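Residue numbers (the working numbering): 1 to 205. All C-beta atoms, glycine included, are put in the ideal place defined by N, C-alpha and C. Model, not experiment: these values are computed from the prediction. What follows is a single structure, written as structure tokens, with notes after it.
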Ligand code: TMP
């Protein structure tokens, strides 16, 4: 049975994840690959319902522990229902956010214990690790300037988002082979895509 490839796209708010993961998937499909694009939290009926709860500003009194478990719950579902079956069928799975987001946001951002996040995280991922992670980086205030209605995570204080960004840098430093950091602030979309595609070409034949 062939195993596909698992690519995750990470980054702080406003770093261009959605645009770039969509463009990457179009490119890979155009090159003849079987591609499954999903996102976190979400990607399943259950996960999308959990996403609504997580991002709804009405839930501004949500505790850090509740938040952690909801992100992990959504992950456990998308891994077992969508990601693992697709990988087993040989798909390239592109997922917007994964375990690194929990380490960056709930660990470095909210200050929850990193070891606890790692062990609880394994329960959610079933031990699955990305073959490649693209970390799109943008300076915090520039990223938060993006227009539109802000969700419960985006309205957290700027200092929280700065800790998240620093957290992502720390994660990337620990695993330089897996995580490729690409700056998107003020960089044309085509130039960023080019870098992403080059990084992906090392894990996708
Ligand atoms: P998105 O808007 O980028 O799709 O992600 C939803 C929000 O959830 C975003 O602010 C990042 C946050 N998040 C966490 O805090 N922890 C997690 O584990 C995940 C997957 C996302």
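When rounded, the separation of the alpha-carbon atoms in residue 56 and residue 70 is 13 Å.
By the CB criterion at 8 Å, residue 133 and residue 182 fall outside the cutoff. For residue 5, the enclosing beta strand (DSSP E) stretches over residues 5-10. If you look at residue 38, you'll find it in the beta strand (DSSP E) that goes 35-39.
Bounds of the alpha helix (DSSP H) holding residue 194 are 189-201. Secondary structure at residue 151: coil, using DSSP grouped into helix, strand and coil. Apart from sequence neighbours up to five positions away, the residues of its chain that approach residue 72 with a beta-carbon distance below 8 Å are 102, 120, 121, 123 and 124, ordered along the chain. Taking 7 Å as the cut-off, the C-beta of residue 39 counts as close to a heavy atom of the ligand TMP. Assignment of residue 61 by DSSP, reduced to helix, strand and coil, places it in the coil class. Residue 104 counts as buried, since at least 16 other C-beta atoms from the protein chains shown sit within 10 angstroms of its C-beta.
Within the region 118-146, the runs of alpha helix (DSSP H) that reach at least 4 residues and sit entirely inside it are, in chain order, 140-144.
Contact holds between the region 32-47 and the region 72-92, because three or more Cβ pairs, one in each stretch, are under 8 Å apart. In this chain, the alpha helix (DSSP H) harbouring residue 158 covers 158-174. Residue 167 sits away from residue 111, with the two beta carbons spaced by 8 Å or more. Distances from the CB of residue 84 to the heavy atoms of the ligand TMP are all 7 Å or more. Using a cutoff of 7 Å, the CB of residue 44 does not count as near the ligand TMP, since none of the ligand's heavy atoms is closer than that.
In this structure, residue 135 sits away from residue 40, with a CB-CB distance that is not shorter than 8 Å. Here residue 26 is not near residue 143, since their CB atoms are 8 Å or more apart. Residue side-chain check: residue 71 places its Cβ nearer than 7 Å to a non-hydrogen atom of the ligand TMP.
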